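What follows is a set of notes on a single structure, which appears directly below.
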Amino acid sequence: MNNAVEFHGISRRFGGVTAVDDVSFSIAAGETVALLGPSGCGKTTILRVIAGFERPDAGTVSIGGRNVTALKPYERNVGLLFQHYALFPHMTVAENIAYGLRHRGADKREIPDRVEAMLALVRLQGFGARRPHQLSGGQQQRVALARALATRPSLILLDEPLSALDAKLRQELRAELKQVLAAVNSTAMVVTHDQEEAMSLGERVFLMQSGRIVQVGTPSDVYGRPDTRFAADFMGRTNWIEAQVTRRETGFARATSRSGLSLMVPDCSSDAIDICVRPENIVLSAADAADPDGMANSAKGRILNVALLGATRQILVEMPGGQQLLVMQANRVGDGLDPGKAVRIGFPVAACITMPASNRAAPNASI
Ligand SMILES: Nc1ncnc2c1ncn2[C@@H]1O[C@H](COP(=O)(O)OP(=O)(O)OP(=O)(O)O)[C@@H](O)[C@H]1O
Ligand SMILES: [Mg+2]
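So for the sequence shown, the numbering used here puts the first residue at 64; every next one is plus one.
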């Protein structure tokens with residue numbers, strides 16, 4: 064089967080800025096991909112090149128096996144939700160949704176039914192006669208989504224579809240959006256700079272940095288096996304321990320951290336290594352407890368501070384020698400994890416992602 068979208072060596076420059084730098088990828092038909100990266104890294108530009116609003120300076124774009132590089136946006140059957148989704152303020156919700164259908168010369172008798180079906184899909188039945196200003200932000204965003212989907216595009220491009228919503232609404236709409244995308248069975252690319260959103264919506268994540276796609280994988284691949292410090296840091300909170308390998312054994316290595324911690328880590332080709340340990344993989348126990356089971360790495364430390372995040376807490380622990388480790392713990396009542404308390408930290412070999420220290424080069428500044 065043809066890939067739904069193929070990018071071959073696409074570059075797009077604006078004056079001296081290379082917004083998209085020799086990017087190649089393919090998206091399978093029916094797949095949902097999340098395009099993730101910091102502000103200014105080129106996400107919107109990639110979407111605009113796919114949709115045909117931006118001509119690449121180099122490379123080719125194919126949709127459904129057809130080279131569309133020279134085609135106009137309306138010749139591509141792509142549904143696009145813009146980053147600053149703008150509903151037409153003078154039109155009703157129903158007219159907004161019908162806009163693309165009319166524009167494409169759909170049979171007039173079929174439009175009302177199609178609009179009703181779209182309203183049902185985004186759970187806004189009964190809202191067709193309202194105007195955008197009579198809707199909440201979340202409802203407006205859903206209308207914009209219905210408008211993007213109304214023409215049954217084989218390819219849906221959504222640019223920050225949940226931006227500008229409060230955290231709770233964002234989470235609710237995220238779940239709805241996932242269901243909607245599954246229901247329409249189209250190919251989709253969702254742009255976001257929020258790693259949680261990318262991991263929950265995308266079957267694969269394309270991680271971008273400075274105009275390039277730097278890592279591609281399933282959410283658990285990119286989170287659990289980041290290739291670089293940039294990828295590890297962008298995907299979530301992490302601890303970095305700089306260390307030197309002292310001995311190699313079958314399948315793992317012993318290393319000593321700069322602050323003097325003795326560690327067991329997965330083997331790595333380099334002697335100078337950076338060890339990434341996610342805060343949720345560190346276990347805290349009483350300072351005088353025996354080494355927790357299965358925790359090859361264990362040491363005593365002292366709680367420096369505790370930040371309450373609701374269901375979880377971030378606990379900063381200082382180890383002898385000065386290394387600080389962030390620990391994520393469920394927020395359980397009465398466990399006495401307060402600043403000043405002596406604790407034992409533990410984490411298994413499998414919780415350590417080792418990278419050669421030579422990967423440490425500071426990530427390029429955002430374009
Ligand atoms: N029309 C344009 N003219 C000049 N520079 C542009 C133009 N469009 C984008 N750029 C530049 O290209 C780079 C990539 O922009 P783009 O909008 O693709 O980033 P983005 O990843 O979508 O960022 P954000 O998360 O902030 O939306 C930025 O440096 C931006 O300033
Ligand atoms: Mg953008």
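Idealized CB from N, CA, C, for every residue including glycine.
Only a predicted model underlies this, so the values are computations on that prediction, with no experimental measurement involved.
Per DSSP, N302 is paired with what? As a first step, residue 302 is located in the sequence shown; it is residue number 239 there, counting from the start. N302 pairs with V340.
What's the call for F77, buried or exposed, on a 16-neighbour Cβ count within 10 Å? Position 14 of the sequence shown, counted from the first residue, corresponds to residue 77. When all chains shown are included, F77 counts as exposed.
Residues of its chain near R300, where Cβ-Cβ distance is below 8 Å and the 5 sequence neighbours each way are ignored: Taking the sequence shown and counting its residues from 1, one reaches residue 300 at position 237. R341, P342, Q377, L389 and M391, listed in sequence order.
Buried or exposed by the 16-neighbour rule on C-beta atoms within 10 Å, applied to K106: In the sequence shown, the residue the question calls residue 106 occupies position 43. So K106 ends up on the buried side.
Leaving out five residues on either side along the sequence, give the residues of the same chain with a beta carbon under 6 Å from the beta carbon of V268. Here residue 268 refers to the residue found at position 205 when the sequence shown is read from its first residue. Excluding sequence neighbours, V268 sits near A97, L99, A261, P282 and V285.
Is F151 helix, strand or coil when you go by DSSP? As a position in the sequence shown, residue 151 is number 88, starting the count at 1. Reduced to three states, the DSSP call for F151 is coil.
Assuming contact is defined by CB atoms lying nearer than 8 Å, are F410 and N368 in contact in what I supplied? Position 347 of the sequence shown holds residue 410. Position 305 of the sequence shown holds residue 368. Going by C-beta atoms, F410 is not nearer than 8 Å to N368.
Kindly indicate which three-state DSSP category S226 falls into: helix, strand or coil? The residue given as residue 226 occupies position 163 in the sequence shown. S226 falls in the coil class under three-state DSSP.
Runs of 4 residues minimum, wholly inside the region 116 to 168: which ones carry the alpha helix (DSSP H) assignment? 156 to 166
Quick one: does the C-beta of F145 sit closer than 7 Å to a heavy atom of ligand 1? Along the sequence shown, read from residue 1 onward, the residue named residue 145 stands at position 82. Answer for F145: no, Cβ out of range of ligand 1.
Thinking C-alpha only, which one of A295, A294, L324 and F293 is nearest V308? One-based indexing of the sequence shown puts residue 308 at position 245. It is L324 whose Cα lies nearest to the Cα of V308.
Helix, strand or coil: how does DSSP classify R215 here? Taking the sequence shown and counting its residues from 1, one reaches residue 215 at position 152. R215 falls in the coil class under three-state DSSP.
Among the candidates G403, R407, G373 and M418, whose CA atom is the shortest distance from the CA of V396? Here the question's residue 396 lines up with position 333 in the sequence shown. Among G403, R407, G373 and M418, the Cα nearest to that of V396 is on G373.
Run through DSSP, which three-state label would I345 get? Residue numbering aside, residue 345 sits at position 282 when the sequence shown is read from its first letter. Looking at I345 - three-state DSSP - the assignment turns out to be coil, as it is neither helix nor strand.
Let me know the secondary structure DSSP gives V285 once reduced to three states. For the purposes of this step, residue 285 is taken as the residue at position 222 of the sequence shown. Note: V285 maps to helix in three-state DSSP.
Under 8 Å between C-beta atoms of A114 and R139: For the purposes of this step, residue 114 is taken as the residue at position 51 of the sequence shown. For the purposes of this step, residue 139 is taken as the residue at position 76 of the sequence shown. Against a cut-off of 8 Å, the Cβ pair of R139 and A114 comes out as a contact.
Among L228, N248 and L240, which has the Cα closest to the Cα of R215? The residue you call residue 215 lines up with position 152 of the sequence shown. Of the listed residues, the one whose Cα sits closest to R215 is N248.
Which runs of the beta strand (DSSP E) at least 3 residues long sit entirely within the region 307 to 382? Give them in chain order. 315 to 320, 325 to 329, 335 to 340, 346 to 349, 360 to 371 and 375 to 381
Does at least one heavy atom of ligand 2 sit under 7 Å from the Cβ of D257? Indexing the sequence shown from 1 puts residue 257 at position 194. The answer is no for D257.
Cβ atoms of V206 and N159: under 8 Å apart, would you say? Mapped onto the sequence shown, residue 159 falls at position 96. Mapped onto the sequence shown, residue 206 falls at position 143. Against a cut-off of 8 Å, the Cβ pair of V206 and N159 comes out as a contact.
I'd like to know if the region 179 to 186 and the region 141 to 151 are in contact, where contact means that at least 3 CB-CB pairs between them fall below 8 Å. no
Quick one: does the C-beta of T107 sit closer than 7 Å to a heavy atom of ligand 2? Working through the sequence shown from its first residue, we reach residue 107 at position 44. Checking every heavy atom of ligand 2 against the Cβ of T107, one is found closer than 7 Å.
Collapsed DSSP secondary structure at S429 in the structure displayed: For the purposes of this step, residue 429 is taken as the residue at position 366 of the sequence shown. The predicted model places S429 with a pLDDT of 36, which falls under 50 and marks its position as unreliable, so this point remains unresolved.
Report back the beta-carbon spacing between L208 and A246 to the nearest angstrom; my notes put them in contact at under 8 Å. Locating residue 208 in the sequence shown gives position 145, where the first residue counts as 1. Locating residue 246 in the sequence shown gives position 183, where the first residue counts as 1. With a Cβ gap of about 12 Å, L208 and A246 do not count as contacting.
Could you spell out where the beta strand (DSSP E) holding A97 opens and where it closes? As a working mapping, residue 97 is identified with position 34 in the sequence shown. Here the beta strand (DSSP E) through A97 covers T95 to L99.
Helix, strand or coil, according to DSSP, for P411 in the structure here? Walking along the sequence shown from the start, residue 411 turns up at place 348. Looking at P411 - three-state DSSP - the assignment turns out to be coil, as it is neither helix nor strand.
Leaving out the 5 sequence neighbours to the left and right, which residues in its chain are closer than 6 Å to M418 when beta-carbon positions are compared? As a first step, residue 418 is located in the sequence shown; it is residue number 355 there, counting from the start. Contacts found: D337.
Taking the C-alpha atoms as reference points, what is the distance between V83 and A335? The sequence position of residue 83 within the sequence shown is 20, counting from 1. The sequence position of residue 335 within the sequence shown is 272, counting from 1. One C-alpha to the other measures close to 33 Å.
Is R235 buried or exposed, if buried means 16 or more other CB atoms sit within 10 Å of its CB? As a first step, residue 235 must be located in the sequence shown, where it is residue number 172. A small correction: the amino acid at residue 235 is Glu; Arg does not occupy that position in the sequence shown. Burial call: exposed.
Going by beta carbon distance, what residues of the same chain come within less than 7 Å of F70, once the five residues before and after it are set aside? Residue mapping note: residue 70 aligns to position 7 of the sequence shown, counting from 1. Counting only Cβ-Cβ distances below 7 Å, and skipping sequence neighbours, we find V86, S87, F88, G122 and V124.
Taking Cβ positions, are V406 and A350 nearer each other than 8 Å? On the sequence shown, position 343 is the one that residue 406 refers to. On the sequence shown, position 287 is the one that residue 350 refers to. Contact flag set, yes.
Starting from S263, trace the alpha helix (DSSP H) in both directions and tell me its first and last residue. Here residue 263 refers to the residue found at position 200 when the sequence shown is read from its first residue. Residues Q258 to L264.
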